[in-house]
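Accompanying notes for the structure given below.
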Amino acid sequence: MQAIKRVGASRERRIALVGRRCWVTLGLVICVVALIGCGGSSGGSTNKSGGSTPAGSSAAKSVLRIGLPYSAYQFYPNPAAISTSGGSSALEYSIAYSSLFHLLPDGSTVGELATSGHYFNTGRGPDTGFLLTLRHGVEFSDGSPLNAAAVVDWFNFYAKQVGGFNGLFGPKPTFTAVGQWTVRMKLSQPTANLPRILSDDGDYWGTIASPKCVANPKLFTNATCGAGPYMLDSAATVPNSSYSYVPNPHYYDTAAVKYSGVDIKVIPLASSTLAALQAGQLDFASVGADTTTVASAKAAGLTVLSAPSAAYQLLLNLKDPSTKALQNVKVRQALSYALNRPALAQLIGAGGYSAASQVFPVTDVSSSTVSNSFTYDPAKAKALLAAAGYAHGLHLGIVIVTARSQDQKMYAGIAQELSAVGITTTAVNYTPAAVSQNAAYLGTQFANTTPSQYLVYLKPSPIQTFGTNQTVVSLYDQGARASNPVPAWTKLWEYVSKQAYFVTVCTVSNIWYASDRVGGLQVTEPRVGAVLIGDLHPTG
Amino acid sequence: MSTKAVAARTGPAFGAADPFRRRAGRMWRSPVARVVGRRLCLAVPLLFVVSALSFVLSSLAPINAVARILGPTGTAAQKAQLTRQLGLNQPVYERYWHWVEHALGGNLGTSYFTHQRVTALISQRLPVTLSLIIPTVLVMFMLGTAIGVVSAVRGGGVGRMLDGLSLIGFALPGFWVGAILVSFFAVKLHVFPATGYVALTQSPGNWARSMVLPVAALALMPIAVLARQTREAMMDVLASEHVRMAWANGIAPRQIVYRLALKNASMRVVTVGSLQVIGLLTGTLFVEQVFALPGLGSGLTSAASSGDVPVTQGIVVFFTLIIVVVNLLSDLAYTLLDPRVRPS
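So the sequence lines, in the order shown, correspond to chains A and B. Going by the working numbering, the first sequence opens with residue 11, and the numbers climb by one from there. Going by the working numbering, the second sequence opens with residue 5, and the numbers climb by one from there.
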């Protein structure tokens, strides 16, 4: 019996020894982790050699660290193929590509790669000829010079691209080099406000790429081909996750290069973006239209900036043969009066969405001058439906991307409010065929210039949704041919708004968070919420 | 008749005069070789089935890559042209067959959006995912087994505490744990970075720092599962007759715990551990998103959401290969740990 007790006591002692060893091992692991943790600070800006400098240090140029929810460059390595503009895509392209003109926050333009530009008479009518004078001594990041021939090559390349805004100047525009520094543009349709379109927040016509890449477009896959202040460091870049830029040694204005490099980190989650900013890993970031972290960002002392960059709307398809009711303007207006826009905007995220019924967005006509035509009035909606012969209501198929929770929420809200005035709806999952076979498509339309919006949504074409309306065409032409297009185009948008071809619900803002390490950020409506690299500088 | 005479009449007997054949025969009779051979044979149809399913599901998804590339300005003619360029006008089975033909030659295709080769994309992102998975596996086996063993051997308050901790770890989702770790260690203490990845070759110290929080977030649940399974397996073995006999015979406790109990319990640990390693691949999809790591998980998420079928396909097939390797390693571990185990 005593022997058994002795064995038991010894066993307990030894088991205790085993336990102690485990704890010692665990302690060692914790010490190693702690040592790793003390290996360097995550705060402050890093320089390109990989070391850390305190935040705000002016001893050496720091790296600008930006967070974006997605990368436009990833999806469109060739700027000629990009089909959206503004927002974070404009920022990304401005890092490595200079444009012919630079768009200032107030919406005016100044020369960048072009020193000047003016319209001239081509004999085809006003605003069809434009003469560009180029800056001397500019080189692309691959060392090739910017001259008239390079610009003409780019324009011709852009015009032939599939997608993008290549149809903006009408069919077969011509571009001619006049000497070494002048380019003559002859357009087949009047296009006003060309400096805005050729700017760094335009439609990438003015984002000139090197002739080497134009001759061999495969080069766009691994490199940037612009004349901007920085160039892509392909070796340090993982497409769609992180992009590293180094200064362009051939940049024409070296004094304007404020950073030793630019790092872009793609962070899809707004909460992770905020954490990275708070941890000092980013200098500023976009969270798109995600408003979930705005209050926390403000509480953390970050600067929150936003400006409308898109519209959330129902694109009505008047060409759908199964829904002839939509061809009646009263029915379309009834749809617009039936929606309680402030409640719908609140439904999908307060702060980033503002109720709006105008056909937003246009950047060359102040949105405040285009009236909000439709206030919430379900009684008026019912009366309009009755006047149009649909007193007992009607049924609409609405195409949505069912995988997007935001679309689902918005559709549910719209469906509920339309049913209150007797309009029933069915949600149809998005396919290209479904869009053409149903009454409406719920989606986001990006802000742009009137010529670009006209090209996509108003100009009679197979992709346009309401057919030919001579008043629309005439008002657009009046603006395009005028020395000041704003009055005619304001009338155009007011008219389109009252025709209710688009049932706009709210504007969508592009939201930016900035730390105190970066200065110069200006997020404005004329620039559709875009930030451009030239604005930014380190503080302190 | 002498042996030489028989050999001269019938030729050399199999394995008698050909050392290579003899070695090959011996090797094939070895259980390890049979396990490897069987697993590799099974991997071929598995890869075909997985790649076909993945291809069909990706192709049927309601995300239209052509519409995404062209945007709202794309005309019907442009859409038709791009559809032809990408080969999307062909039936799914034909496209899959082309993909298989190229894949057998080592070409997994090209991204619709970036025009980057999928093999290049995988090799670029693989180090990040391996940097996440390998330390997680090591931490999982070390801590999970240690906690399980201590909990089983010590019992009492410490055992209950460890048991409770493993239960908590089991209940907490990795992405939530990741967010909490970030808010404490990155935002408040500034000890570890909140997001991002530093290559091991660039700075080993910063690489380790960038991996601590993601590994912790990813490893928490597998550690809890493994600890619990180890504890239960250890307790079963410790209660068995032969272990009680060993105690009674005065065999050193260390030998009893490690040589008898843990070795016997390790079969279950390996089984559960290998399942957890496979589960880690799914975990990378979330953790790489939360920590903005440029690995295969985040690559797969963005490719799937944008309709980039070649990239989705390439990464899914690569993940399947990893699963095949993990299963192979666990089968090998069985044969090494317990010679009674033979491939059936």
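Ideal Cβ placement from N, Cα and C applies to all residues, glycine included. Keep in mind it's a predicted model, so treat the numbers as computed, not measured.
Cβ-Cβ distance between Leu57(B) and Val96(B) below 9 Å: In the second sequence, the residue the question calls residue 57(B) occupies position 53. In the second sequence, the residue the question calls residue 96(B) occupies position 92. Not in contact: Leu57(B) and Val96(B) (Cβ atoms no closer than 9 Å).
Below-9 Å beta-carbon distance, Ile473(A) vs any chain B residue: Mapped onto the first sequence, residue 473(A) falls at position 463. For Ile473(A), the answer is yes, since a Cβ of chain B falls inside 9 Å of its Cβ.
Expected contact under 8 Å - CB spacing of Thr478(A) and Pro472(A) to nearest Å: Start at 1 with the first residue of the first sequence, and residue 478(A) comes out as number 468. Start at 1 with the first residue of the first sequence, and residue 472(A) comes out as number 462. Separation of the CB atoms of Thr478(A) and Pro472(A) is rounded to 12 Å, and the pair is thereby denied contact status at 8 Å.
Environment of Ser55(A) [buried if 16+ CB atoms lie within 10 Å]: Residue 55(A) sits at position 45 when you count from the first residue of the first sequence. Reliability of the predicted coordinates at Ser55(A) is poor, the pLDDT of 44 falling under 50, and no value is obtained from them.
Cβ-heavy atom distance, Ala237(A) to the ligand MN, below 8 Å: As for the ligand MN, it is missing from this structure, which has no ligand bound.
Neighbour flag for Gly367(B) against chain A, beta carbons, 9 Å: For chain B, the structure presents residues 5 to 348; residue 367(B) sits outside this window and is missing.
Endpoints, alpha helix (DSSP H) assigned at Arg75(A): Taking the first sequence and counting its residues from 1, the one referred to as residue 75(A) is at position 65. It is not in any alpha helix (DSSP H) - Arg75(A) instead sits in the beta strand (DSSP E) that spans Val73 to Leu78.
Backbone secondary structure at Thr132(A) - three-state DSSP: For the purposes of this step, residue 132(A) is taken as the residue at position 122 of the first sequence. Of the three classes helix, strand and coil, the one that applies to Thr132(A) here is coil, per DSSP.
Proximity test, Cβ basis, 9 Å: Val276(A) and chain B: One-based indexing of the first sequence puts residue 276(A) at position 266. It does: the Cβ of Val276(A) has a partner Cβ on chain B nearer than 9 Å.
Terminal residues of the alpha helix (DSSP H) in which Thr149(B) lies: Against the second sequence, residue 149(B) aligns to sequence position 145. Residues Val122 to Arg158.
Limits of the unbroken beta strand (DSSP E) element including Trp211(B): Position 207 of the second sequence holds residue 211(B). Per DSSP, Trp211(B) is not a residue of any beta strand (DSSP E); the alpha helix (DSSP H) it occupies stretches across Pro208 to Leu242.
DSSP bridge partner residues for Trp522(A) (one or two, in chain order): Here residue 522(A) is taken as the residue at index 512 of the first sequence, counted from 1. Looking at the DSSP output, Trp522(A) sits in a beta bridge with Ser296(A) and Leu315(A).
Against chain A: residues of the region 147-171 of chain B by CB proximity under 9 Å: Answer in chain order: Leu147, Ala150, Ile151, Val153, Val154, Val157, Arg158 and Val162.
Boundaries (first-last residue) of the beta strand (DSSP E) holding Ile274(A): Taking the first sequence and counting its residues from 1, the one referred to as residue 274(A) is at position 264. Run containing Ile274(A): Gly271 to Val276, per the beta strand (DSSP E) assignment.
Cβ neighbours of Ala308(B) in the same chain (closer than 6 Å, five flanking residues each side left out): One-based indexing of the second sequence puts residue 308(B) at position 304. Contacts found: Thr316.
Distance, Ser281(A) Cα to Leu285(B) Cα: What you label residue 285(B) is simply residue 281 of the second sequence in a count that begins at 1. What you label residue 281(A) is simply residue 271 of the first sequence in a count that begins at 1. Taking the straight line from one Cα to the other gives about 23 Å.
Below-9 Å beta-carbon distance, Ile67(B) vs any chain A residue: Start at 1 with the first residue of the second sequence, and residue 67(B) comes out as number 63. At least one chain A Cβ lies under 9 Å of Ile67(B).
Range of the contiguous beta strand (DSSP E) that encloses Lys196(A): As a first step, residue 196(A) is located in the first sequence; it is residue number 186 there, counting from the start. If you look at Lys196(A), you'll find it in the beta strand (DSSP E) that goes Thr192 to Lys196.
Under 8 Å by beta carbon: chain B residues contacting Ser99(A): For the purposes of this step, residue 99(A) is taken as the residue at position 89 of the first sequence. Those within 8 Å of Ser99(A) in chain B number zero; the least Cβ separation is about 11 Å.
Neighbour-count burial assignment, Met165(B), 16 or more Cβ in a 10 Å radius: Along the second sequence, one-based indexing puts residue 165(B) at 161. It is exposed - the Cβ of Met165(B) has fewer than 16 other Cβ atoms within 10 Å.
DSSP state of Pro35(B) mapped onto helix, strand, coil: Position 31 of the second sequence, counted from the start, is the residue given in the question as residue 35(B). DSSP places Pro35(B) in the helix class (H, G or I) of the three-state scheme.
Residues bridged to Cys516(A) [DSSP beta-bridge criterion]: Against the first sequence, residue 516(A) aligns to sequence position 506. In the DSSP assignment, the residues bridged to Cys516(A) are Tyr322(A) and Ala365(A).
Interface positions of the region 241-267 of chain A facing chain B (Cβ-Cβ less than 8 Å), listed along the chain: Across the region 241-267 of chain A, CB contacts with chain B closer than 8 Å involve Val248, Pro249, Asn250, Ser251 and Ser252, in sequence order along the chain.
Residue environment, Asp116(A), which counts as buried when at least 16 other CB atoms sit within 10 Å: Along the first sequence, one-based indexing puts residue 116(A) at 106. The residue in question, Asp116(A), is exposed, as its Cβ has fewer than 16 Cβ neighbours within 10 Å.
Contact between the region 302-314 of chain A and the region 205-219 of chain B (3+ Cβ pairs under 8 Å): Here the region 302-314 of chain A does not lie against the region 205-219 of chain B, with fewer than 3 beta-carbon pairs under 8 Å apart.
Minimum C-alpha distance to Ala348(A) - residue among Asn203(A), Val513(A) and Pro200(A): By 1-based counting over the first sequence, the position of residue 348(A) is 338. That would be Val513(A), whose Cα lies nearest to the Cα of Ala348(A).
Own chain, CB closer than 7 Å to Ser346(A), minus 5 neighbours either side, in chain order: Counting from 1 along the first sequence, the entry for residue 346(A) is found at position 336. Correct list, in chain order: Ser367, Phe384, Ala510 and Val513.
Start-to-end residues for the alpha helix (DSSP H) that takes in Asn268(B): In the second sequence, the residue the question calls residue 268(B) occupies position 264. Per DSSP, Asn268(B) belongs to the alpha helix (DSSP H) from Lys267 to Val294.
Terminal residues of the alpha helix (DSSP H) in which Gln306(A) lies: For this step, residue 306(A) is matched to residue 296 along the first sequence. It should be pointed out that residue 306(A) corresponds to Ser in this sequence rather than to Gln. Start and end: Val304 to Ala309.
Unbroken alpha helix (DSSP H) run spanning Ala326(B), endpoints: Residue 326(B) sits at position 322 when you count from the first residue of the second sequence. The displayed chain sequence assigns Ile, not Ala, to residue 326(B). For Ile326(B), the uninterrupted alpha helix (DSSP H) segment begins and ends at Val313 to Leu341.
Residues of the region 283-309 of chain A whose Cβ lies closer than 9 Å to any Cβ of chain B, in chain order: Within the region 283-309 of chain A, the qualifying residues are Thr283, Leu284, Ala285, Ala286, Leu287, Gln288, Ala289, Gly290, Gln291 and Leu292.
Proximity of Gly362(A) and Asp300(A) at Cβ, strictly below 9 Å: Here the question's residue 362(A) lines up with position 352 in the first sequence. Here the question's residue 300(A) lines up with position 290 in the first sequence. Yes, the Cβ-Cβ distance between Gly362(A) and Asp300(A) is below 9 Å.
Min CB distance Thr231(A) to chain B below 9 Å: For this step, residue 231(A) is matched to residue 221 along the first sequence. Yes, contact with chain B.
Per-residue DSSP class, three states only, for Gln455(A): Against the first sequence, residue 455(A) aligns to sequence position 445. In the structure shown, the three-state DSSP call for Gln455(A) is strand.
Backbone secondary structure at Gln12(A) - three-state DSSP: The residue given as residue 12(A) occupies position 2 in the first sequence. Confidence is the limiting factor: at Gln12(A) the pLDDT is only 46, short of 50, which leaves the residue's position unreliable and the question unanswerable from this model.
Own chain, CB closer than 7 Å to Ser302(B), minus 5 neighbours either side, in chain order: Position 298 of the second sequence holds residue 302(B). Excluding sequence positions up to five before and after Ser302(B), its CB lies within less than 7 Å of the CB of Glu292 and Gln293, all in the same chain and listed in chain order.
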